[in-house]
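Using this note's numbering, the first residue of the sequence shown is number 2, and each one after it goes up by one.
We treat Cβ as the ideally placed atom computed from N, Cα and C, and that holds for glycine.
What follows is one structure encoded as structure tokens, with my remarks underneath.
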Amino acid sequence: MTAAELVKHLGARFGQGVLGEQLTKDSFPTVWIRPEIAPAVHRFLKSEVARPFPLLADLWAIDETARRHREGQPPSGVTIASHLVSLDRNLDICLKVPLDAQRPRAHSIAHIYPNADWYEREAYDLFGVEFEGRKDHRRILLPPLWEGHPLRKDQPVRATERPPFVMTQAQFDAEERALAVDPQALDLPTERDGLELMILNYGPHSMATHGVFRIVLALDGEEIVAARPDIGFHHRGAEKIAERQSWHQFIPYTDRIDYLGGLMGELPYLQAVERLCGITVPDRAKTIRIMLAEFFRIMNHLLFYGTMAQDCGAMSPVFYMFTDRERAYRVIEAVTGARMHPGWFRIGGVAADLPEGWERLVREFLDWMPSRLDDYAGMVLGNEIFRGRTVGIAAYDTATALEWGITGPGLRATGCGFDIRKARPYGGYENFEFEVPTGVHGDCYDRVLVRVEEIRQSLRIIRQCLDHMPSGPIKADHPLTTPPPRERMLHDIDTLIHHFVGVSWGPVVPPGEATGQIETARGLTQYSLISDGTTTSYRTRIRTPSFTHLQSVAAIAPGLTVADLVAYLGSIDYVMSDVDR
2 MTAAELVKHL GARFGQGVLG EQLTKDSFPT VWIRPEIAPA VHRFLKSEVA RPFPLLADLW
62 AIDETARRHR EGQPPSGVTI ASHLVSLDRN LDICLKVPLD AQRPRAHSIA HIYPNADWYE
122 REAYDLFGVE FEGRKDHRRI LLPPLWEGHP LRKDQPVRAT ERPPFVMTQA QFDAEERALA
182 VDPQALDLPT ERDGLELMIL NYGPHSMATH GVFRIVLALD GEEIVAARPD IGFHHRGAEK
242 IAERQSWHQF IPYTDRIDYL GGLMGELPYL QAVERLCGIT VPDRAKTIRI MLAEFFRIMN
302 HLLFYGTMAQ DCGAMSPVFY MFTDRERAYR VIEAVTGARM HPGWFRIGGV AADLPEGWER
362 LVREFLDWMP SRLDDYAGMV LGNEIFRGRT VGIAAYDTAT ALEWGITGPG LRATGCGFDI
422 RKARPYGGYE NFEFEVPTGV HGDCYDRVLV RVEEIRQSLR IIRQCLDHMP SGPIKADHPL
482 TTPPPRERML HDIDTLIHHF VGVSWGPVVP PGEATGQIET ARGLTQYSLI SDGTTTSYRT
542 RIRTPSFTHL QSVAAIAPGL TVADLVAYLG SIDYVMSDVD R
């Protein structure tokens, strides 16, 4: 069944409940449905249709009240969009539900897709959408006493648009009281078999939580009976910031969503922008992007490898691996002039060509790393203590992973080889030979094994970039790329004017909607962009893997010990800025 046939099948099954298909710049269909049939449509696509859609990749809200270009769409004040993925079909579908602007109310689908729980809480927190069928509507990213819903269009985007903030002692005390643990509100058990359970705050300031992150635990001795993750301590309003920055000014912010992914985080954003603009990226720019993205994948996995060993009691590996990371930084610094947050990719290409001598630096790193990985295999993977702390710990199968929206190494460790670089190659990956490592047991140990093998595969991809780097331009010859080539800007007045307007004002991106998807070090990262034909984004939705991966802690942690929880959290490899945005 093709995408067109699927849409036709939905129309035949649900009749007038299907309002029509929306044209976007994406390769998958976007279908509008009435609010009252949303649970039935989601249930049908998840479990009743042939080759179903078991993965809810994202669910988000759109405030439509200030939008001018909505041709071909039904009336809507606030829209709820859900993005579903079928691995068997290698196909996505986006469902949209129109809601009232003043009091948006939708039907919950958390009983169908469990990982919709946090997404629905986020839609309530930031947009005020209430979901029928939910037990509660607790905020998830903002403080409990926050007033209003900041991603609505009537809310300011800059602090200078608000009155000066003053924190009084009474306000401080109230905020502190609001953060106190209420087991009943968190649906935490307080006793088991007649014995009182200990309620413990694990974090937010704990080295073992790898960032500002709290888990409220119900403990029977050392055994975890229930766990409730609490996020939002790192929230910075990145999606709101996108509404005020020009299209190219927002590029540096994408580096800071997953601050360990570096340039990788720029790719899905630029994919979506380039689709909206109709820009084709030159082959040399594509290859440079891939080479640097794989360098950052290696950098991330080395940091994960060392800190995971440290979490399990081994001190030495992380110091050796930081030596390796410094060698990789030599390449990244030489090419981009920066380290963690280069902000170096551009709409339509990259900021500059590769510097003289880049081949030598890359070759030195490629010759250095394989033997180091062999040493680490004995130091970490073969270590009895490390194996004892990770083998069989926090194991889950493919069905559980998909139920909770887990992608990336956490999914592949269960034996499912879904990797977007292979399944739906983007940005030139179709030209590279590499394998997709998978595990068997889906435990902490397999999650480490998968990432270690991914380092080797990244080295393989980088070597192909080194050996087959195309010649040619590094930026598309398109009026919406920013800025135009400098040599042309100095040659004629028309290009000079375009350069001036593009830098000072920014490109005017045509109205429309587009999605960018890539396989980051953590899994599926997705940008869903809406342009209203201006110099800024109307809506920027950032789907991050860490957000949904942490939600699964509530399902997987029970039965573990507190010590096991440390290893489990390390094996997730989340980044709190990637969670909270």
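Under the three-state reduction of DSSP output, Q527 falls in the strand class. For the pair I258 and R542, the CB atoms are not nearer than the 7 Å cut-off. W506 counts as exposed, since fewer than 16 other beta carbons sit within 10 angstroms of its beta carbon. Residue range I421 to A424 is occupied by the alpha helix (DSSP H) that includes R422.
Taking C-alpha positions only, I63 is separated from S247 by approximately 19 Å.
The alpha helix (DSSP H) runs lying completely inside the region 260 to 292 and spanning 4 residues or more are 267 to 278, given in chain order. Around the C-beta of L261, 16 or more other C-beta atoms lie within 10 Å, and the residue is accordingly described as buried. Rounded to whole angstroms, the Cβ separation of P356 and V332 is 10 Å, and the two are not in contact under 8 Å. In this model, F15 and V42 are separated by some 8 Å (Cα to Cα).
I289 and Y430 have their C-alpha atoms some 12 Å from each other. Exclusion of the five residues before and after L196 leaves D221 as the residues of its chain whose Cβ lies within less than 8 Å of its Cβ. Between the C-alpha atoms of G134 and S109 there is a straight-line separation of about 6 Å. About 11 Å separates the beta carbons of V576 and G263, which is beyond the 8 Å limit, so they are not a contact pair.
DSSP places S77 in the coil class of the three-state scheme, outside both helix and strand. Burial state of K136 is exposed, judged by a 10 Å Cβ sphere holding fewer than 16 other Cβ atoms. Closest option to P508, judged by alpha-carbon separation, among P484, Q527 and D493: P484. By the Cβ neighbour-count rule, T80 is buried, with 16 or more other Cβ atoms within 10 Å of its own. In this structure, L293 is the residue among N116, L293 and G517 with its C-alpha nearest to the C-alpha of E334.
The beta-bridge partner set that DSSP reports for R452 is empty. Taking the C-beta atoms as reference points, A39 is found nearer than 7 Å to V98.
The secondary-structure analysis by DSSP pairs A102 with nothing; it has no beta-bridge partner. Annotated three-state conformation of N202 is strand, per DSSP. Nearest C-alpha to D101 among E123, P75 and P230: P75.
Put simply, of L218, I475 and M300 the residue whose alpha carbon is nearest the alpha carbon of L561 is L218. In the structure shown, T391 adopts helical secondary structure according to DSSP, grouped into three states. Look at the beta carbons and you see the region 390 to 399 touching the region 434 to 445: at least three pairs across the two are nearer than 8 Å. When C-beta atoms of the region 487 to 498 are compared with those of the region 452 to 465, fewer than three pairs fall below 8 Å, so the two segments do not count as touching. In the structure shown, the three-state DSSP call for H150 is coil. Following the DSSP letters along the chain, one finds P410 inside the alpha helix (DSSP H) bounded by residues P410 to R413. Around the CB of Q518, 16 or more other CB atoms lie within 10 Å, so the residue is classed as buried. Just measuring C-alpha positions, the residue of V451, T391 and A424 sitting nearest G416 is V451. For D444, there is no enclosing alpha helix (DSSP H), as DSSP marks it with neither H nor E. Note that the C-beta distance between I34 and G18 is below 7 Å.
Contact between L85 and F54 holds: their C-beta atoms lie close to 4 Å from each other, under 8 Å. I573: member of the alpha helix (DSSP H) spanning V563 to I573, first to last residue. In the DSSP assignment, G12 falls within the unbroken alpha helix (DSSP H) covering A4 to F15.
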